[in-house]
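Visitor: Structure in structure tokens, see below.
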Amino acid sequence: MLHTMSTTPETDSVRSAADVNEEIRALWFRAGGTLSMEERREYQRLVLEWAEAAPQSPTQAA
Numbered sequence: 001m002l003h004t005m006s007t008t009p010e011t012d013s014v015r016s017a018a019d020v021n022e023e024i025r026a027l028w029f030r031a032g033g034t035l036s037m038e039e040r041r042e043y044q045r046l047v048l049e050w051a052e053a054a055p056q057s058p059t060q061a062a
């Protein structure tokens with residue numbers, strides 16, 4: 001039997017878009033406006049998490 005491993009961390013609860021946005025802002029603040037490669041990867045992960053948590057408008061959900 002072949003098992004696959006997820007490359008995304010599992011979380012017990014979904015954070016709100018506002019919470020993720022706060023973490024994104026803190027990342028940019030700590031980085032002084034210029035992200036290293038590692039910080040860019042973290043930023044991309046956070047943006048995807050934010051997009052999943054952000055409420056969908058009726059036109060976006062269609």
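First residue of the sequence shown? That's 1 in the UniProt record's numbering, and the numbers climb one at a time after it.
For glycine and all other residues, C-beta sits at the position ideal for the given N, C-alpha and C.
If Val14 and Ala53 are in contact, beta carbons under 8 Å, what's the gap, nearest whole angstrom?
Guide: 6 Å
Visitor: Where do the N-terminal and C-terminal ends of the alpha helix (DSSP H) with Gln44 fall, by residue?
Guide: Met37 to Ala53
Visitor: Determine the extent of the alpha helix (DSSP H) in which Val20 is found, giving its start and end residues.
Guide: Ala17 to Ala31
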